[in-house]
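Below is one structure, written out as structure tokens; the observations come after it.
What follows is the structure, given as structure tokens:
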């Protein structure tokens, strides 16, 4: 699995949400990650992935998924801390 993102969006996301995309990548290593297709925008599938990173911080990552040969490429669009409701949904999967 490879990750990519726009460096300008990464800076904006850090300013707006306090999360760097480099850190957001860790959510894809969470065995309890919840991913769902949100919508198709300009021909791209937009996914929401909800999971835990360092110190049990639950975040949601908005991203696309593409294939480059046999490799899956995740392009991160946005990442933020989960809302109380989103965190509750995630916690329910653990029980």
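Residue numbers (the numbering used here): 16 to 110. No residue lacks a Cβ here, since even glycine has one placed at the ideal position from N, Cα and C.
In this structure, the CA atom of residue 63 is about 16 angstroms from the CA atom of residue 19. Only residues of its own chain outside the window of five on either side were considered, and among them 74, 76, 91 and 94 have a CB closer than 7 angstroms to the CB of residue 39, listed in chain order. If you draw a straight line from the Cα of residue 82 to the Cα of residue 17, it is about 10 angstroms long. When secondary structure is reduced to three states using DSSP, residue 110 falls in the coil class, being assigned neither helix nor strand. Secondary structure note for residue 93: its beta strand (DSSP E) is the uninterrupted segment 86-96. Less than 8 angstroms divides the Cβ of residue 66 from the Cβ of residue 47. The C-alpha of residue 88 lies about 15 angstroms from the C-alpha of residue 42. CA-to-CA, the gap between residue 79 and residue 60 works out to about 6 angstroms.
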